[in-house]
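**Q**
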Amino acid sequence: MPLIGDFQIENLTLALGMAKAMGLDNETLLSACQTLEAPRGRMQLAGRSAQGAAVFVDYAHTPDALENALTALRRHLPESGRLLVMFGCGGDRDVGKRPEMGAAAEAHADVVVVTDDNPRHEDAATIRAAIMTACPQAQEIADRGAAIEAIIAEARANDLVLLAGKGHESGQIVGDIILPFDDVTKAQSVLAVKGGQHE
243 MPLIGDFQIE NLTLALGMAK AMGLDNETLL SACQTLEAPR GRMQLAGRSA
293 QGAAVFVDYA HTPDALENAL TALRRHLPES GRLLVMFGCG GDRDVGKRPE
343 MGAAAEAHAD VVVVTDDNPR HEDAATIRAA IMTACPQAQE IADRGAAIEA
393 IIAEARANDL VLLAGKGHES GQIVGDIILP FDDVTKAQSV LAVKGGQHE
C-alpha cells in the first residue's frame, strides 16, 4: 500500500471497516489494498530527481496539515537525507495562519522555499513577508514554477521534497483570473528535463 502518513492509514482503516460492515470478505479487501493509490495531490509521489530525491505533492494548506505532512515524510527520510518544503499561503484568506505556516515549515523542514499560492486580490509580496516572519532563513521565490525548479535543483540523493498547498488544483488565482498551473505537472516536467523520473 503506497500510502504515507497517519491520516492516510486512518482513512484506509475507516474505509475497510465500512466495507467489512457491508459484508465484503477479508480476501477481497486485502486484494483491493494492493492496488490502492493516494488521491491526486494528496501525498502524491510526482517522481524522483536524477540524484534520487523523491518529490511529493500535497494539498497541505493549513498549519496543522503542513506539520502533519512534514512529520509523515520525516519518518521515511534516510539518515543522510534532508526534508525540503515549498509552500505559500492564499490571499483573501486567514492572515493569522501565515506565520503559523512559516513556523511549521521552520520546525519540521531542513530547507524552506516560500512562494505564491493563489494571491487573489492581495499583494503577493505582503503574503510572503508574513510567512517569513516565522521562517526568516527561508528562500523567497515569488514565481511558483521557478520555486519548483529551484527546490528540485537543490535536492540531493536521499532527500525528500514536499510541494505543499495546491495539491490537486490546476490553477493559480491572481486577482479574478485563474492562470493554468499544476504542481504535479510542473514537477514532472522539471524532473524530465533534469534527467529524473516521473510517476
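Residue numbers (the numbering used here): 243 to 441. Backbone N, C-alpha and C define an ideal beta-carbon position, used for all residues, glycine too. All figures in this text were calculated on a predicted structure; none of them were measured in a lab.
1) Only counting runs of 3 or more residues, tell me where the beta strand (DSSP E) segments fall wholly within the region 258-285, in order along the chain.
2) Check whether the Cβ atoms of A311 and D300 lie closer than 9 Å to each other.
3) With a CB to CB cut of under 8 Å and the five nearest residues on each side skipped, what residues in its chain are close to A288?
4) Which same chain residues, not among the five before or five after L421, have their C-beta less than 7 Å away from its C-beta?
5) Do the region 355-374 and the region 329-338 meet, that is, are 3 or more Cβ pairs less than 8 Å apart?
6) Of all the options P305, R324 and V354, which has the alpha carbon lying nearest to the alpha carbon of D336?
7) Based on the DSSP output, what are the partners of L404 in its beta bridges?
8) Taking G283 as the reference, which of I246, I383, R362 and A349 has the closest Cα?
9) Do R398 and R324 have their CB atoms nearer than 9 Å?
10) For G289, which residues does DSSP report across the bridge?
11) Classify N360: buried if its beta carbon has 16 or more other beta carbons within 10 angstroms, exposed otherwise.
12) L308 and A347 look like a contact to me (Cβ under 8 Å); what is the Cβ gap, rounded to whole Å?
13) If L326 sits next to E396, beta carbons under 8 Å apart, how far is it from one beta carbon to the other, in whole angstroms?
**A** According to the structure shown:
1) None, since the region 258-285 contains no complete beta strand (DSSP E) of that length.
2) Here residue 311 refers to the residue found at position 69 when the sequence shown is read from its first residue. Here residue 300 refers to the residue found at position 58 when the sequence shown is read from its first residue. At the C-beta level, A311 and D300 come within 9 Å of one another.
3) For the purposes of this step, residue 288 is taken as the residue at position 46 of the sequence shown. For A288, where only same-chain residues beyond five positions count, the Cβ hits under 8 Å are V297, F298, V299, L405, D425, V426, A429, Q430, L433, H440 and E441.
4) Stepping through the sequence shown from its first residue, residue 421 is reached at position 179. Here the set comprises G413 and Q414.
5) Yes: the two stretches touch, three or more of their Cβ pairs being nearer than 8 Å.
6) Residue 336 sits at position 94 when you count from the first residue of the sequence shown. Just measuring C-alpha positions, the residue of P305, R324 and V354 sitting nearest D336 is P305.
7) In the sequence shown, counting from the first residue as 1, residue 404 sits at position 162. For L404, the beta-bridge partners assigned by DSSP are F298 and V327.
8) By one-based count along the sequence shown, residue 283 stands at place 41. Considering only alpha carbons, the answer is I246.
9) Locating residue 398 in the sequence shown gives position 156, where the first residue counts as 1. Locating residue 324 in the sequence shown gives position 82, where the first residue counts as 1. Yes. Within cutoff.
10) For this step, residue 289 is matched to residue 47 along the sequence shown. As computed with DSSP, G289 is found in a beta bridge with V297 and H440.
11) Translated into positions along the sequence shown, residue 360 becomes position 118. Under a 10 Å Cβ-count criterion, N360 is classified as buried, with 16 or more other Cβ atoms of the shown protein chains found around its own Cβ.
12) The residue labelled residue 308 in the question sits at position 66 within the sequence shown. The residue labelled residue 347 in the question sits at position 105 within the sequence shown. For L308 against A347, the beta-carbon gap comes to about 7 Å, under 8 Å, which counts as contact.
13) Taking the first residue of the sequence shown as 1, we reach residue 326 at position 84. Taking the first residue of the sequence shown as 1, we reach residue 396 at position 154. With a contact defined as Cβ atoms closer than 8 Å, L326 and E396 qualify at about 6 Å.
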